[in-house]
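Q:
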Amino acid sequence: MFKRVPGTKDILPDEISWWQKIEETSRNIFSLYNYKEVRPPLIEDAALFNRSLGEFTEIVQKQMFLIKNGPDTYVLRPEGTASIVRAYIENNLDKTANFLKLYYIGPMFRLERPQKGRLRQFYHIGSEAIGSREADLDVEVISLADRLLKSYAVKNYQIKINSLGCLKDKKELTRALHKGLKEKIKFLCEDCKNRYQHNILRILDCKNESCRKVVAGLRIEDGHLCPECKRHFTKVKEGLSVLKIDYETRPDLVRGLDYYTRTVFEITHKDLGSQDALGAGGRYDNLVRDLGGPEVGAIGFALGMERLHLVHSSEFIVHSQNLVYIITLGEEAKKRGLLLLDNLRKADIASDTDYETKSLKGAMRKADNLSARFVIIMGEDELKKNVVTLKDMESGIQEEIQLHGLIENIKKRI
Ligand code: HAM
């Protein structure tokens, strides 16, 4: 018996309608905001992520699914942003449009320790808007994430925002943290002791109780922000208020990836437990240039689909399709049934039959299991009269219907 790799999931037919509806809803919302879909490959050059996420980030240090191929090292993409920026530069997309709004839906891979809401293969619904540094774009992107969550009928989520400032400001914050934490290293967890050396910002969002206490004592505010970054952040907050988007400013929100500058945000849900982020994002104004592209600003986010599923609401109604199920009794009926099945499908009516009908009772049970909306029973006697029996599975009403005009008749009822 083979088993799934730990931290992966089979999405089975029972659940698939939810996934398809979420994808369809997302595509509609992205279209409303004029975002276009991109589908980059799932495998990339590992160095792309070392360079963009940062050598000392958790993902690069511990979570990359690496594939050695001679002198090359590929990786199953751990996230979408670096891939999209790589595709943007490689395909000269900046030459065709100096401002591009893109979205993607697909699997990401991280070699994590699996737990509730933390998988090794998980799906992102993400967007990247490349080509502007304007604060209004930050507002659009955060409001787009909010609109997506509303359209999935997710309730009680919180949007937390912060500004890391430009590169200079980030360095300033790093310096201040080194100074502030110097005497307190001994109170930090082992991970944070390491982070003190290489990735000090991450200490701010460590979940460990004693690290949280140390961080609370630091009283981090926005002192590291230069006047321009301060103005930018004020504009973002004003814009969100104009659009009546509920948010909370959290000076300790830093995000785990090196490419972020200025606005960062996270959307959390308390029902998720320790892995409480439904989604997250932020600006990365230097990444396009750092990867060899033009000097343009960009911002994006990604929502985790498995976590959305964990908090899904019954108000997000996933309609099952109206299936018509044909039951034939006897050889002649079977032949006519096949033709009817073909004609129903040509008329865009979802339909199926039981190729192995042994008894009417057994076939009705199968129709029930498939949640068929209508059942057509074709028996020899009925066919002699050119009629079929049509059973409405919702009301239970059963009636004889003329074969002639049957498809139009069903169409009117669906
Ligand atoms: P991230 O915070 O690493 O950001 O991931 C975004 C979301 O993906 C998380 O908030 C969470 O919902 C989900 N997620 C992450 N890891 C896992 C996991 N192991 N299992 C299940 N769900 C997970 C990024 O990846 C950035 N690329 C987002 C972004 C786009 N920033 C700018 N543009």
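First residue of the sequence shown: 82, per this note's numbering; consecutive thereafter. A virtual CB, placed ideally from N, CA and C, is assigned to each residue, including glycine.
Is the distance from the Cβ of valine 345 to the Cβ of isoleucine 242 below 9 Å?
A: Mapped onto the sequence shown, residue 345 falls at position 264. Mapped onto the sequence shown, residue 242 falls at position 161. Cβ atoms of valine 345 and isoleucine 242: closer than 9 Å.
Q: Where do the N-terminal and C-terminal ends of the alpha helix (DSSP H) with leucine 389 fall, by residue?
A: In the sequence shown, counting from the first residue as 1, residue 389 sits at position 308. Segment 386–391, the alpha helix (DSSP H) holding leucine 389.
Q: Please tell me whether, using a cut-off of 8 Å, the distance from the CB of arginine 336 to the nearest non-hydrogen atom of the ligand HAM is below it.
A: Along the sequence shown, one-based indexing puts residue 336 at 255. Yes, the Cβ of arginine 336 comes within 8 Å of a heavy atom of the ligand HAM.
Q: Where DSSP assigns a beta bridge to lysine 149, which residues make up the other side?
A: Here residue 149 refers to the residue found at position 68 of the sequence shown. For lysine 149, which the question treats as bridged, DSSP gives the partners Thr154.
Q: Put glutamine 144 into one of helix, strand or coil per three-state DSSP.
A: Position 63 of the sequence shown, counting from 1, holds the residue named residue 144. Here glutamine 144 sits in coil by DSSP.
Q: Give a yes or no on whether 9 Å exceeds the smallest Cβ distance from isoleucine 301 to chain C.
A: Here chain C cannot be found, since the structure has a single protein chain.
Q: Given that a residue counts as buried once 16 or more other Cβ atoms are within 10 Å of its Cβ, and exposed if not, what is methionine 82?
A: Within the sequence shown, numbered from 1, the residue matching residue 82 stands at position 1. The residue is exposed, with fewer than 16 neighbouring Cβ atoms inside 10 Å.
Q: Near aspartate 175, what residues of its chain come up, given a Cβ to Cβ distance below 6 Å and the 5 sequence neighbours on each side ignored?
A: Numbered from its first residue, the sequence shown carries residue 175 at position 94. Closer than 6 Å at Cβ, skipping near neighbours: Pro375.
Q: Cysteine 307: buried (16+ other C-beta within 10 angstroms of its C-beta) or exposed?
A: Counted from its first residue, the sequence shown places residue 307 at position 226. The residue in question, cysteine 307, is exposed, as its Cβ has fewer than 16 Cβ neighbours within 10 Å.
Q: Can you tell me the Cα-Cα spacing of glycine 411 and leucine 471, whole angstroms?
A: The sequence position of residue 411 within the sequence shown is 330, counting from 1. The sequence position of residue 471 within the sequence shown is 390, counting from 1. So the two alpha carbons sit approximately 17 Å from each other.
Q: Where DSSP assigns a beta bridge to phenylalanine 346, which residues make up the other side?
A: If you number the sequence shown from 1, residue 346 lands on position 265. Bridge partners of phenylalanine 346: Ile242 and Gly362.
Q: Helix, strand or coil for serine 401 per DSSP?
A: Residue 401 sits at position 320 when you count from the first residue of the sequence shown. Serine 401 falls in the coil class under three-state DSSP.
Q: With distance defined between alpha-carbon atoms, name the residue in Ser244, Ala358 and Ile326 nearest to lysine 311.
A: Residue mapping note: residue 311 aligns to position 230 of the sequence shown, counting from 1. The option with the nearest alpha carbon to lysine 311 is Ser244.
Q: For the pair the segment 155–166 and the segment 202–210, tell me if three or more CB-CB distances fall below 8 Å.
A: Counting Cβ pairs under 8 Å, three or more are found: they touch.
Q: Using three-state DSSP, classify isoleucine 170 as helix, strand or coil.
A: The count along the sequence shown starts at 1 and reaches residue 170 at position 89. In this structure, isoleucine 170 counts as helix in the three-state DSSP scheme.
Q: On a Cα-Cα basis, can you pick out the residue from Leu404, Ile211, His485 and Asp449 that is closest to isoleucine 430?
A: Indexing the sequence shown from 1 puts residue 430 at position 349. Minimum Cα distance to isoleucine 430 is reached at Leu404.
Q: Can isoleucine 380 be considered in contact with the ligand HAM, in the sense that its beta carbon sits closer than 8 Å to one or more heavy atoms?
A: As a position in the sequence shown, residue 380 is number 299, starting the count at 1. True, at least one ligand heavy atom lies under 8 Å from that Cβ.
Q: In chain order, what residues of the same chain lie with their CB nearer than 8 Å to the CB of cysteine 273, ignoring the 5 residues before and after it?
A: As a working mapping, residue 273 is identified with position 192 in the sequence shown. If we look at cysteine 273 and ignore the five residues flanking it on each side, its Cβ neighbours are Arg283, Ile284, Cys287, Asn289 and Cys292.
Q: Output yes or no for whether 9 Å exceeds the beta carbon distance between aspartate 339 and leucine 157.
A: Working through the sequence shown from its first residue, we reach residue 339 at position 258. Working through the sequence shown from its first residue, we reach residue 157 at position 76. Result no, Cβ atoms of aspartate 339 and leucine 157 do not sit closer than 9 Å.
Q: Do the CB positions of leucine 225 and phenylalanine 111 come within less than 9 Å of each other?
A: Locating residue 225 in the sequence shown gives position 144, counting from the first residue. Locating residue 111 in the sequence shown gives position 30, counting from the first residue. Taking 9 Å as the Cβ cut-off, leucine 225 and phenylalanine 111 qualify as a contacting pair.
Q: Is it buried or exposed, serine 401, if we count other Cβ atoms within 10 angstroms and call 16 or more buried?
A: Numbered from 1 along the sequence shown, position 320 holds the residue referred to as residue 401. When all chains shown are included, serine 401 counts as exposed.
Q: Using CA coordinates, which residue listed in Arg454, Asn280 and Leu123 is at the minimum distance from serine 476?
A: In the sequence shown, residue 476 corresponds to position 395, counting from 1. The residue with the shortest Cα to Cα distance from serine 476 is Arg454.
Q: Please indicate yes or no: does the CB of alanine 25 lie closer than 8 Å to some heavy atom of the ligand HAM?
A: With the chain covering 82 to 495 only, the question about residue 25 has no answer from this structure.
Q: Can you tell which of Lys84, Pro188 and Ser98 has the C-alpha that lies nearest to the C-alpha of isoleucine 398?
A: Counting from one through the sequence shown, the residue named residue 398 turns up at place 317. Of the listed residues, the one whose Cα sits closest to isoleucine 398 is Ser98.
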